[in-house]
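Under our numbering, the residues of the sequence shown are numbered 56 to 342, in order.
We put the CB at the ideal spot given by N, CA and C, even for glycine.
Worksheet: one structure, shown below.
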Amino acid sequence: MKLLLPALLLLISCNTKSQWIKDSVLIEGHYRTFTFHQPETDIKGGSLLFLMHGSGGNSSDIISKTGQLEAIAGKDKLLVVYPEGYQHFWNECRKYSTAAANKENINEEAFFKAMIGYFVKKYGISKENVFAAGFSGGGQMSYKLAMTMPDQIKAITAIVANMPDSASCDCTLANKALPVMIINGTDDKTNPYNGGEMFVNNASFGVVRSSGNSFAYWASLAGYKGEPTKTLLPDTDTADHKTIERYSYNAPNKPPVALLKVVGGHHDYPGDIDVYLYAWEFFKSVL
Numbered sequence: 056m057k058l059l060l061p062a063l064l065l066l067i068s069c070n071t072k073s074q075w076i077k078d079s080v081l082i083e084g085h086y087r088t089f090t091f092h093q094p095e096t097d098i099k100g101g102s103l104l105f106l107m108h109g110s111g112g113n114s115s116d117i118i119s120k121t122g123q124l125e126a127i128a129g130k131d132k133l134l135v136v137y138p139e140g141y142q143h144f145w146n147e148c149r150k151y152s153t154a155a156a157n158k159e160n161i162n163e164e165a166f167f168k169a170m171i172g173y174f175v176k177k178y179g180i181s182k183e184n185v186f187a188a189g190f191s192g193g194g195q196m197s198y199k200l201a202m203t204m205p206d207q208i209k210a211i212t213a214i215v216a217n218m219p220d221s222a223s224c225d226c227t228l229a230n231k232a233l234p235v236m237i238i239n240g241t242d243d244k245t246n247p248y249n250g251g252e253m254f255v256n257n258a259s260f261g262v263v264r265s266s267g268n269s270f271a272y273w274a275s276l277a278g279y280k281g282e283p284t285k286t287l288l289p290d291t292d293t294a295d296h297k298t299i300e301r302y303s304y305n306a307p308n309k310p311p312v313a314l315l316k317v318v319g320g321h322h323d324y325p326g327d328i329d330v331y332l333y334a335w336e337f338f339k340s341v342l
């Protein structure tokens, strides 16, 4: 793995005190880029959170949704980083992905390890408190990090994403328990809640497990048995015609595992919660 840190590109927002930085690392001949908000306070010893965009998207898709999270990041000693997929896609664990990232077997683990090293060196981030969350294909990338880099990633949240089934998975699984939260919609036509074949831009990306089975995989690794606790989240946005049922396992000395079943949810965000704030609250519970 080669690592190169070229000159920073400063992207100045309307607020002159606020700076967005775009930088890159060189991984096996490819410059891989990422964007983050320049910390305005000392965050030494703080947490690092990777937020990944969906298949075919870019980091601005996620940045446009994280205003509330960024507003509290300094107070919580959190640095949020928005990596870019290779040609807008990730090389996650879906064997049948037609994306160039998968066909060229892009080394995502090296990319994320390089970014962790970058932020540890530059800002003193704690290597013990690195989290990941993503939307759709970014959720698939979150699963991959949990399945292949569990010693570097403390917890994940996957949004509108189910794990690939064993026949459609080309990753070697570490099978290590981690705190995991899944947020999926019951009416999602792209990532079927009950599992099945998944299509991206009319191309099959293989078969995914159901949301229940994805949840059960992580719950089983954590050693949970029996039925999860069910709670209903407040329906704060009645106009979106969605409600959220939370199924969770939480016990001393075990990583928490949760599934948010968005009843009536599609391949989109629920209106009742800010998913990125909610994910951060989940992550803070294991700090």
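Quiz item: So, helix, strand or coil for Leu-64, using DSSP?
Solution: Counting from one through the sequence shown, the residue named residue 64 turns up at place 9. Here the model assigns Leu-64 a pLDDT of 38, short of 50, so the residue's position is not dependable, and the following value carries that caveat. Of the three classes helix, strand and coil, the one that applies to Leu-64 here is strand, per DSSP.
Quiz item: What is the DSSP secondary structure of Gln-142, counted as helix, strand or coil?
Solution: Residue numbering aside, residue 142 sits at position 87 when the sequence shown is read from its first letter. Three-state result, Gln-142: coil.
Practice problem: Sort Asp-327, Asp-323, Tyr-178 by Cα distance to Thr-298 and report the nearest one. | Solution: Along the sequence shown, one-based indexing puts residue 298 at 243. Comparing Cα positions, the closest option is Asp-327.
Exercise. Rank His-85, Ser-181, Phe-105 by C-alpha distance to the C-alpha of Phe-91 and give the top, closest one.
Key: Along the sequence shown, one-based indexing puts residue 91 at 36. Here the closest residue by C-alpha is Phe-105.
Quiz item: When we look at the beta-carbon of Ile-127 and count the other beta-carbons within 10 Å, is it buried (16 or more) or exposed?
Solution: Here residue 127 is taken as the residue at index 72 of the sequence shown, counted from 1. Looking at its Cβ environment, which holds fewer than 16 other Cβ atoms inside 10 Å, Ile-127 is exposed.
Quiz item: How about Val-371 and Trp-273: are their beta carbons less than 8 Å apart?
Solution: The structure shown has nothing for residue 371, since the chain only spans 56 to 342.
Exercise. Look at the Cβ atom of Tyr-343, then the Cβ atom of Phe-270, and state whether they are nearer than 8 Å.
Key: In this structure the chain extends from 56 to 342, so residue 343 is not present and cannot be described.
Self-check item: C-beta contact flag for Met-170 and Phe-89 at 8 Å
Solution: Translated into the one-based positions of the sequence shown, residue 170 becomes position 115. Translated into the one-based positions of the sequence shown, residue 89 becomes position 34. Going by C-beta atoms, Met-170 is nearer than 8 Å to Phe-89.
Quiz item: Does the stretch 96–114 come close enough to the stretch 191–203 that 3 or more CB-CB pairs lie under 8 Å?
Solution: yes
Quiz item: Are Lys-182 and Pro-205 closer than 8 Å when you measure CB to CB?
Solution: Start at 1 with the first residue of the sequence shown, and residue 182 comes out as number 127. Start at 1 with the first residue of the sequence shown, and residue 205 comes out as number 150. No, the Cβ-Cβ distance between Lys-182 and Pro-205 is not below 8 Å.
Quiz item: Just to confirm, are Lys-316 and Thr-241 a CB contact at a threshold of 8 Å?
Solution: Position 261 of the sequence shown, counting from 1, holds the residue named residue 316. Position 186 of the sequence shown, counting from 1, holds the residue named residue 241. Contact: yes.
Practice problem: Answer yes or no: do Asp-220 and Arg-264 have a C-beta to C-beta separation smaller than 8 Å? | Solution: Here residue 220 refers to the residue found at position 165 when the sequence shown is read from its first residue. Here residue 264 refers to the residue found at position 209 when the sequence shown is read from its first residue. Taking 8 Å as the Cβ cut-off, Asp-220 and Arg-264 qualify as a contacting pair.
Quiz item: What span of residues does the alpha helix (DSSP H) with Met-202 cover, start to end?
Solution: The sequence position of residue 202 within the sequence shown is 147, counting from 1. Segment 192–203, the alpha helix (DSSP H) holding Met-202.
Quiz item: Of the choices Asp-323, Val-312, Gly-319, whose alpha-carbon is the least far from that of Phe-338?
Solution: Your numbering for residue 338 matches position 283 in the sequence shown. For the residues Asp-323, Val-312, Gly-319, the minimum Cα distance to Phe-338 belongs to Val-312.
Quiz prompt | Neighbourhood of Gly-129 by C-beta distance below 7 Å, restricted to the same chain and skipping five residues each side | solution = Walking along the sequence shown from the start, residue 129 turns up at place 74. Within the same chain, Gly-129 has close Cβ partners Pro-94, Glu-95, Thr-96.
Quiz prompt | Option in Ile-238, Gly-101, Gln-74, Cys-148 with minimal Cα separation from Ser-223 | solution = Taking the sequence shown and counting its residues from 1, one reaches residue 223 at position 168. The candidate whose alpha carbon is nearest that of Ser-223 is Cys-148.
Quiz item: What first and last residue would you give for the beta strand (DSSP E) that runs through Tyr-302?
Solution: Position 247 of the sequence shown, counted from the start, is the residue given in the question as residue 302. Taken as a continuous stretch (DSSP letters only), the beta strand (DSSP E) holding Tyr-302 covers 298–304.
Exercise. Helix, strand or coil for Val-175, going by three-state DSSP, please let me know.
Key: Here residue 175 corresponds to residue number 120 of the sequence shown, with the count starting at 1. Here Val-175 sits in helix by DSSP.
Exercise. Going by CA-CA distance only, name the one from Leu-133, Ala-258, Leu-332, Asp-295 that's closest to Asp-323.
Key: For this step, residue 323 is matched to residue 268 along the sequence shown. Among Leu-133, Ala-258, Leu-332, Asp-295, the Cα nearest to that of Asp-323 is on Asp-295.
Practice problem: Work out the CA separation of Glu-336 and Ala-154 for me, nearest whole Å. | Solution: Here residue 154 refers to the residue found at position 99 when the sequence shown is read from its first residue. Here residue 336 refers to the residue found at position 281 when the sequence shown is read from its first residue. Straight-line Cα distance between these residues: approximately 33 Å.
Exercise. Within the same chain, show all residues whose beta-carbon is closer than 7 Å to that of Thr-286, passing over the 5 residues directly before and after it, in chain order.
Key: As a first step, residue 286 is located in the sequence shown; it is residue number 231 there, counting from the start. Same-chain partners within the cutoff: Arg-301.
Quiz item: Assuming Gly-179 contacts Lys-120 under a Cβ cut-off of 8 Å, what Cβ separation, rounded to an integer in Å, is found between them?
Solution: Here residue 179 corresponds to residue number 124 of the sequence shown, with the count starting at 1. Here residue 120 corresponds to residue number 65 of the sequence shown, with the count starting at 1. Contact flag wrong, Cβ pair sits at about 27 Å.
Quiz item: Are the beta-carbon atoms belonging to Gly-112 and His-85 less than 8 Å from one another?
Solution: For the purposes of this step, residue 112 is identified with residue 57 of the sequence shown, where counting begins at 1. For the purposes of this step, residue 85 is identified with residue 30 of the sequence shown, where counting begins at 1. For Gly-112 and His-85, no; Cβs fall outside 8 Å.
Exercise. Look up Ser-265 in the DSSP assignment and say whether it is helix, strand or coil.
Key: Residue numbering aside, residue 265 sits at position 210 when the sequence shown is read from its first letter. If DSSP states are grouped into helix, strand and coil, Ser-265 belongs with coil.
Self-check item: Helix, strand or coil at Lys-333 [DSSP, three-state]
Solution: Translated into the one-based positions of the sequence shown, residue 333 becomes position 278. Note that residue 333 corresponds to Tyr in the displayed sequence, not to Lys. Helix at Tyr-333.
Practice problem: Give a yes or no on whether the C-beta atoms belonging to Thr-212 and Ala-306 are separated by under 8 Å. | Solution: Along the sequence shown, read from residue 1 onward, the residue named residue 212 stands at position 157. Along the sequence shown, read from residue 1 onward, the residue named residue 306 stands at position 251. No, these two residues do not count as a Cβ contact at 8 Å.
Practice problem: Identify which residue in Ser-79, Asp-292, Ile-238, Gly-281 has its Cα closest to the Cα of Tyr-331. | Solution: Counting from one through the sequence shown, the residue named residue 331 turns up at place 276. Measuring from the Cα of Tyr-331, the nearest candidate turns out to be Ile-238.
Quiz prompt | Where the alpha helix (DSSP H) containing Gln-123 begins and where it ends | solution = As a working mapping, residue 123 is identified with position 68 in the sequence shown. Residues 122–128.
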